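Q:
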Amino acid sequence: MNCEQAREQFPDHLRGEIAPASRSDIDAHLTGCATCREELASLTAMWAKLGALPEEQPSPALGARFHALLEAYRQGMNQAKRDASTRVTLRAWLACLWPREPALQLAIAVVLFAAGLLVGPALVQDRRSHAVDIGSNDRALGQLREEVSSMKKLVTLSLLQQQSASDRLRGVEWSYRLAQPGEQVLSALLRALDSDPNGASASRRSMRSISSAPTARCDKGCCDRWRRNGRRWCSSS
Amino acid sequence: MDSRFRRVDSLTDNQVMWQVRDGEVEKLGVLFERHHQTLFNFFVRLTGSREFSEDLVQEVFLRMLKYRHTFQPENQFRSWMFQIARNARFDALRKRQREARLNGPETAEELISPEPTPDLSTGRQQEIGLLERALARLPAEKREVLLLSRVQNLKYDEVAEILGCDTGAVKVRVHRALKELRDIFHQLTGEKPYEL
Chain A
5 MNCEQAREQF PDHLRGEIAP ASRSDIDAHL TGCATCREEL ASLTAMWAKL GALPEEQPSP
65 ALGARFHALL EAYRQGMNQA KRDASTRVTL RAWLACLWPR EPALQLAIAV VLFAAGLLVG
125 PALVQDRRSH AVDIGSNDRA LGQLREEVSS MKKLVTLSLL QQQSASDRLR GVEWSYRLAQ
185 PGEQVLSALL RALDSDPNGA SASRRSMRSI SSAPTARCDK GCCDRWRRNG RRWCSSS
Chain B
172 MDSRFRRVDS LTDNQVMWQV RDGEVEKLGV LFERHHQTLF NFFVRLTGSR EFSEDLVQEV
232 FLRMLKYRHT FQPENQFRSW MFQIARNARF DALRKRQREA RLNGPETAEE LISPEPTPDL
292 STGRQQEIGL LERALARLPA EKREVLLLSR VQNLKYDEVA EILGCDTGAV KVRVHRALKE
352 LRDIFHQLTG EKPYEL
């Protein structure tokens, strides 16, 4: 055993924990090596001094602080348990409303299903009557629109047949608002075109606008008169 | 000792800690009575401050309560306790460094002020004072390994578990720390330092 190997054993030697197999080797080395022998002796002395250091005493307040801490912690734990038990009680109460027996669960399910069968059609009936109401409202609205359209045609026709040129011009302006002017309005516009050179351009513009509308019907009678006037009324003429 | 704890006197530290883990937190008082002075000495030798050491002892037992569920059957209570103690000290030092309360890094020479022991001779007290000063001059890591292995008398494998290294590394650290302590002590006593 060399010095390095011997010194590796010093920590165990200090605690008296040298393995029996190594003790004789170390003892033999120490016997023959004064350096290692003195090194071990100085370390052993320091080891002993360390072990003899007196214990420091904490203040009495340390114990009081600890017990206060422990008591506060226990109270916190108990409070947490009480809060948890309250939640459990509520859950248990709710669980009481639902029976545990499968037969009772099935019975409640059947009753609820039957109630749904009885109540459901009544709810559906309410919805249908509500839909019928909506349909009748739509029809009334359509009727109103037709009446408004008829009123517009009457106003337009009436204006186009007036003696006053300004009234006839107003009638031409009204004709722009008509989606389906009808034969009477178209005829009135043609008469305005023929008889009133001042309103002719407005009449032509109105008729072009009417003829280009997708909903406008091709009126053969008007198309013939328009052609007699040397003008084209619609794409089919 | 409080009469409430007499019937647990025969229980080992591990057995008492299992009871604490299982909800009997008041049993921690037994472990406090057994180990608070050991912990205090460990901290006061390591930090040099009595007040700081008492705070750390309190913190260690608080952490034992909070983390009692981490105590496993295979743990040894003393090793587990000192692991908590080291972590508590590291955390407290980090906090203090952030708050810039402590000046000076690792040595604790100027902080410790041991009270004189009447039953010791003047020479003995002088020697103890020199030894404490030498110990305080050691770097914290070396001071710690000597306190655990010699002052607290833990086995090398227990110290290894606490420090998170192997037993061989602990023995090497103990050897080097003891040599350095010896050299510092000789410097303080004016004796010729040992030379190989």
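The listed protein sequences correspond, in order, to chains A and B. For the first sequence, position 97 matches number 101 in the numbering used here, and the numbering has no gaps at all. For the second sequence, position 24 matches number 195 in the numbering used here, and the numbering has no gaps at all. All C-beta atoms, glycine included, are put in the ideal place defined by N, C-alpha and C. These numbers come from a predicted model, not from an experiment.
Curious, which full-length beta strand (DSSP E) runs of at least 3 residues does the stretch 100-160 of chain A contain?
A: Fully enclosed beta strand (DSSP E) runs of 3 or longer: not present.
Q: Can you tell me whether S224(B) is buried or exposed? The criterion is at least 16 other CB atoms within 10 Å of its CB, across all chains shown.
A: So S224(B) counts as buried.
Q: Looking at C-alpha atoms only, which residue of L233(B), H207(B), V330(B), E315(B) is the closest neighbour of G219(B)?
A: Closest option to G219(B), Cα to Cα, is E315(B).
Q: For the alpha helix (DSSP H) containing E197(B), list its first residue and its last residue.
A: No alpha helix (DSSP H) contains E197(B), which DSSP labels as neither H nor E.
Q: What are the residues of the stretch 206-218 of chain B that lie near chain A, defined by any Cβ-Cβ distance shorter than 7 Å?
A: Listed by position, the residues of the stretch 206-218 of chain B near chain A (Cβ gap below 7 Å) are H207, Q208, F211, N212, V215.
Q: Distance cutoff 8 Å, beta carbons only. Does L34(A) sit that close to anything in chain B?
A: Taking Cβ atoms only, chain B never reaches closer than 8 Å to L34(A), which makes this a no.
Q: Report yes if the CB atom of Y77(A) is closer than 8 Å to the CB atom of V196(B), and no otherwise.
A: Yes, the pair counts as a contact, with Cβ atoms nearer than the cut-off.
Q: Could you tell me which of M155(A), D31(A), R95(A), A72(A) sits nearest to R181(A), measuring between CA atoms?
A: The option with the nearest alpha carbon to R181(A) is M155(A).
Q: Taking 8 Å as the threshold (beta carbon to beta carbon), is H346(B) in contact with chain A?
A: At least one chain A Cβ lies under 8 Å of H346(B).
Q: In its own chain, which residues sit with a C-beta less than 7 Å from the C-beta of L318(B), not counting the 5 before and 5 after it?
A: Contacts found: F213, R216, L217.
Q: When burial is assigned at 16 or more other CB atoms within 10 Å of the CB, is E332(B) buried or exposed?
A: Buried is the call here.
Q: Check whether the stretch 245-263 of chain B touches the stretch 85-103 of chain A, counting contact only when three or more Cβ pairs, one atom from each stretch, lie closer than 8 Å.
A: Too few Cβ pairs lie closer than 8 Å, so no.
Q: Counting contacts by CB-CB distance shorter than 8 Å, is Q297(B) in contact with chain A?
A: No, its Cβ sits nowhere closer than 8 Å to a Cβ of chain A.
Q: Would K313(B) pass as an interface residue toward chain A - the criterion being a Cβ-Cβ separation below 8 Å?
A: For K313(B), the answer is no, since every Cβ of chain A falls outside 8 Å of its Cβ.
Q: Under a CB-based cut-off of 8 Å, is Q323(B) close to chain A?
A: Not one chain A Cβ lies under 8 Å of Q323(B).
Q: Suppose contacts are defined by Cβ-Cβ distances below 8 Å. Is R321(B) in contact with G67(A) by that definition?
A: No, the pair does not count as a contact, with Cβ atoms beyond the cut-off.
Q: Which whole-angstrom value is the C-beta distance of A196(A) and L164(A), which I expect to be below 8 Å?
A: With 8 Å as the limit, A196(A) and L164(A) qualify as a contact, their Cβ atoms being about 6 Å apart.
Q: Is the beta carbon of A305(B) closer than 8 Å to that of I423(B)?
A: A query on residue 423(B) cannot be resolved here, the shown segment of chain B reaching from 172 to 367 and no further.
Q: Grab me the residues of R347(B)'s own chain with a C-beta within less than 6 Å of its C-beta, minus the 5 sequence neighbours each way, in chain order.
A: Excluding residues within five positions, none has a Cβ falling inside 6 Å.
Q: Helix, strand or coil: which one does DSSP assign to P24(A)?
A: Three-state result, P24(A): helix.
Q: Hey, quick one: how far does the alpha helix (DSSP H) through M188(B) stretch, first residue to last?
A: First-last of the alpha helix (DSSP H) with M188(B): 184-192.
Q: Assign M235(B) to one of three DSSP states: helix, strand, or coil.
A: Residue state, collapsed to three classes: helix.
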